[in-house]
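S.K.: Questions regarding the structure given below will be posed in turn.
Protein chains: 2
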Amino acid sequence: MAVRADLNLSLDGVAVTADQTPENPFGEDWGRLVAPYVGTRTFRERVLHEGSGLGTTGVDDRYAQGYFEGVGAEIMGAGMFGLHTFPDNPDWRGWWGEEPPFGFTVLVLTHAARPPIEFPNGTRFEFRTAAPEEALEEARRLAGDGDIRIGGGASVVRDFLRAGLIDRLHVALTPIVLGRGSRLWDDLHLLEDGYDVSSELAESGVIHVTFTR
Amino acid sequence: MAVRADLNLSLDGVAVTADQTPENPFGEDWGRLVAPYVGTRTFRERVLHEGSGLGTTGVDDRYAQGYFEGVGAEIMGAGMFGLHTFPDNPDWRGWWGEEPPFGFTVLVLTHAARPPIEFPNGTRFEFRTAAPEEALEEARRLAGDGDIRIGGGASVVRDFLRAGLIDRLHVALTPIVLGRGSRLWDDLHLLEDGYDVSSELAESGVIHVTFTR
Chain A
467 MAVRADLNLS LDGVAVTADQ TPENPFGEDW GRLVAPYVGT RTFRERVLHE
517 GSGLGTTGVD DRYAQGYFEG VGAEIMGAGM FGLHTFPDNP DWRGWWGEEP
567 PFGFTVLVLT HAARPPIEFP NGTRFEFRTA APEEALEEAR RLAGDGDIRI
617 GGGASVVRDF LRAGLIDRLH VALTPIVLGR GSRLWDDLHL LEDGYDVSSE
667 LAESGVIHVT FTR
Chain B
467 MAVRADLNLS LDGVAVTADQ TPENPFGEDW GRLVAPYVGT RTFRERVLHE
517 GSGLGTTGVD DRYAQGYFEG VGAEIMGAGM FGLHTFPDNP DWRGWWGEEP
567 PFGFTVLVLT HAARPPIEFP NGTRFEFRTA APEEALEEAR RLAGDGDIRI
617 GGGASVVRDF LRAGLIDRLH VALTPIVLGR GSRLWDDLHL LEDGYDVSSE
667 LAESGVIHVT FTR
């Protein structure tokens, strides 16, 4: 029943990029940031549904597998779900198509009430206006014996870190500098206190850093 | 004749800490940031003059040795020399005592003219009001066949990076979060273009990242 978070960060700590346009809703920076993760076998199977056997199988893929294992519920911010990008579309159902890679309930933190959205694969988005502690209490009930994942974006993970609620934080540092966007580390002076910190290098050049309580 | 820079950074990219007080002129954060480097055999011999045989001898020490090898001249900012900490002391001779670990000429970039300072071991501080290109031209003449080191702090190294003047940048990422101070990476979007980037983990937990042109 651990509370976990995983983020892709640039060397300068950017987790949410800032060069999106209507023509390119993810932006160029996002592609650069997540390229090693998106290239893994796990991502290509579980998120892109490309079938089996495609993608990298090294260290990055091991972390990608870990990301999907043992989760019973998730909490994410409105931005990660897409509500900041498409604020006026009441029919928005998330970025993930009709097979969202969850299979459990995801609590989306937002100030605007929306009806829940359910998918045949067991994914269910519910919308909540709640403080971190309160959302976590509900997620614990939903997760049963599973872990709770704090999906992102940066500001949501930071809020949970500042509240001392995260047991394991894994960041995958892509060795690029973005220089713009939302940074994870701001206002987290001495975050490492109370955690063991370990690192591992991937074949791709990504540096995986894990904070474990 | 490469132009090189080496910096210790926190995970959030802080190179110059910000909690100095008159009682503690380095601050607590500085000690946390540089502890692995200060613990190396090379630092203890060459900077602290503690004699030989003390200190760590692993990966961190290998980078510390590289820091001192082959340098013919250095450029540093006024802050790194100490002029921001002791602006009103005309007799200030730097942080390093009477055996500064240079042995060559160091150009200190400052707007206030000062007479040069010379030490018996060949270290000579000269004070210049100069743009990066101009300072580098003088440093090249001084360095002979040696490399030119851009010593720091963060803003000086950033200026040289933005001007495209650095051939090799090595950052030692200490796995701590400082959340305050001067960050290296700001305004360096896509710095990695034109560089090979490689990483190595030290026994201490420090992540050494090197950009090589």
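From first to last, the protein sequence lines are chains A and B.
Numbering-wise (this note's numbering), the first sequence opens with residue 467 and increments by one.
Numbering-wise (this note's numbering), the second sequence opens with residue 467 and increments by one.
Glycine included, C-beta positions come from ideal geometry on N, C-alpha and C.
Computed from a predicted structure; not experimentally measured.
Against chain A, with Cβ distances strictly below 9 Å, would B:E658 count as a contact?
M.R.: The residue you call residue 658 of chain B lines up with position 192 of the second sequence. By this cut-off, B:E658 is an interface position.
S.K.: For the 8 Å Cβ check, are there 3 or more pairs between the region 467 to 481 of chain B and the region 510 to 521 of chain A?
M.R.: Contact between the region 467 to 481 of chain B and the region 510 to 521 of chain A is absent, because fewer than three Cβ pairs lie under 8 Å.
S.K.: Run the CB neighbour count on A:E540, radius 10 Å, all protein chains shown included, and call it buried at 16 or more, exposed below.
M.R.: Sequence index remark: in the first sequence, residue 540 of chain A carries index 74 (1-based). Classification for A:E540: buried.
S.K.: Ignoring anything shorter than 4 residues or poking outside the region 474 to 530 of chain A, list the alpha helix (DSSP H) runs there in chain order.
M.R.: For the region 474 to 530 of chain A, whole alpha helix (DSSP H) runs of length 4 or above, ordered along the chain, are 494 to 504 and 507 to 512.
S.K.: Give the DSSP-derived three-state secondary structure of A:M467 in the structure shown.
M.R.: What you label residue 467 of chain A is simply residue 1 of the first sequence in a count that begins at 1. Three-state DSSP puts A:M467 in coil, outside helix and strand.
S.K.: Going residue by residue through the region 531 to 569 of chain A, where are the continuous beta strand (DSSP E) segments of at least 3 residues, counting only ones entirely within it?
M.R.: Correct list: 537 to 543.
S.K.: For a cutoff of 9 Å on Cβ pairs, would you count B:E669 as touching chain A?
M.R.: Taking the first residue of the second sequence as 1, we reach residue 669 of chain B at position 203. For B:E669, the answer is no, since every Cβ of chain A falls outside 9 Å of its Cβ.
S.K.: Going by the DSSP bridge assignment, what does A:D611 pair with across the sheet?
M.R.: Translated into the one-based positions of the first sequence, residue 611 of chain A becomes position 145. BP columns for A:D611 are empty, so no partner.
S.K.: Beta carbon of A:E669, beta carbon of A:G524: below 9 Å?
M.R.: To locate residue 669 of chain A, count along the first sequence from 1; it is residue 203. To locate residue 524 of chain A, count along the first sequence from 1; it is residue 58. Against a cut-off of 9 Å, the Cβ pair of A:G524 and A:E669 comes out as a contact.
S.K.: Against chain B, which members of the region 634 to 653 of chain A pass a CB distance test of less than 9 Å?
M.R.: Result list: V637, L639, P641, I642, V643, L644, G645, R646, R649, L650, W651, D652 and D653.
S.K.: At a CB distance below 7 Å, what residues from the region 476 to 502 of chain B approach chain A? Give them in sequence order.
M.R.: Those would be L477, D478 and G479, in chain order.
S.K.: Could you give the distance in angstroms between the alpha-carbon of A:G548 and the alpha-carbon of A:V480?
M.R.: As a first step, residue 548 of chain A is located in the first sequence; it is residue number 82 there, counting from the start. As a first step, residue 480 of chain A is located in the first sequence; it is residue number 14 there, counting from the start. So the alpha carbons of these two residues sit roughly 18 Å apart.
S.K.: At what residues does the beta strand (DSSP E) containing B:V574 begin and finish?
M.R.: As a first step, residue 574 of chain B must be located in the second sequence, where it is residue number 108. Unbroken beta strand (DSSP E) run through B:V574: T571 to L575.
S.K.: If you follow the beta strand (DSSP E) that A:F591 is in, where does it begin and where does it stop?
M.R.: Numbered from 1 along the first sequence, position 125 holds the residue referred to as residue 591 of chain A. Element bounds for A:F591: R590 to R594.
S.K.: Where do the N-terminal and C-terminal ends of the alpha helix (DSSP H) with B:A638 fall, by residue?
M.R.: Translated into the one-based positions of the second sequence, residue 638 of chain B becomes position 172. That residue, B:A638, is in no alpha helix (DSSP H); its beta strand (DSSP E) goes R634 to T640.
S.K.: Residues bridged to A:G645 by DSSP?
M.R.: Reading the first sequence from its first residue, position 179 is the one you call residue 645 of chain A. In DSSP, A:G645 forms no bridge with anything.
S.K.: Tell whether a beta-carbon distance below 9 Å holds between B:R646 and B:A484.
M.R.: Within the second sequence, numbered from 1, the residue matching residue 646 of chain B stands at position 180. Within the second sequence, numbered from 1, the residue matching residue 484 of chain B stands at position 18. Yes, Cβ-Cβ distance for B:R646 and B:A484 is below 9 Å.
S.K.: Output yes or no for whether 9 Å exceeds the beta carbon distance between A:R624 and A:D652.
M.R.: Taking the first residue of the first sequence as 1, we reach residue 624 of chain A at position 158. Taking the first residue of the first sequence as 1, we reach residue 652 of chain A at position 186. The answer is yes: Cβ separation under 9 Å.
S.K.: Quick one: give me the first and last residue of the alpha helix (DSSP H) that B:F626 is part of.
M.R.: What you label residue 626 of chain B is simply residue 160 of the second sequence in a count that begins at 1. Per DSSP, B:F626 belongs to the alpha helix (DSSP H) from A620 to R628.
S.K.: DSSP three-state call for B:E658: helix, strand or coil?
M.R.: Taking the first residue of the second sequence as position 1, residue 658 of chain B is located at position 192. Here B:E658 sits in coil by DSSP.
S.K.: Between the beta-carbon of A:G671 and the beta-carbon of B:V663, is there less than 9 Å?
M.R.: Sequence index remark: in the first sequence, residue 671 of chain A carries index 205 (1-based). Sequence index remark: in the second sequence, residue 663 of chain B carries index 197 (1-based). Contact: yes.
S.K.: Step through the CB atoms of chain A and report whether any lies within less than 9 Å of the CB of B:S621.
M.R.: Here residue 621 of chain B is taken as the residue at index 155 of the second sequence, counted from 1. Closer than 9 Å: no.
S.K.: From what residue to what residue does the beta strand (DSSP E) around A:F677 run?
M.R.: The residue you call residue 677 of chain A lines up with position 211 of the first sequence. Looking at the DSSP string, the run of the beta strand (DSSP E) that includes A:F677 is I673 to T678.
S.K.: Under a CB-based cut-off of 9 Å, is B:S518 close to chain A?
M.R.: Residue 518 of chain B sits at position 52 when you count from the first residue of the second sequence. Cβ-Cβ to chain A under 9 Å: no for B:S518.
S.K.: How would you call B:D611, buried or exposed, if buried means at least 16 neighbouring beta carbons within 10 angstroms?
M.R.: Along the second sequence, read from residue 1 onward, the residue named residue 611 of chain B stands at position 145. The residue in question, B:D611, is exposed, as its Cβ has fewer than 16 Cβ neighbours within 10 Å.
S.K.: B:T576 and B:T595 look like a contact to me (Cβ under 8 Å); what is the Cβ gap, rounded to whole Å?
M.R.: Your numbering for residue 576 of chain B matches position 110 in the second sequence. Your numbering for residue 595 of chain B matches position 129 in the second sequence. So it is a contact: roughly 7 Å between Cβ atoms.
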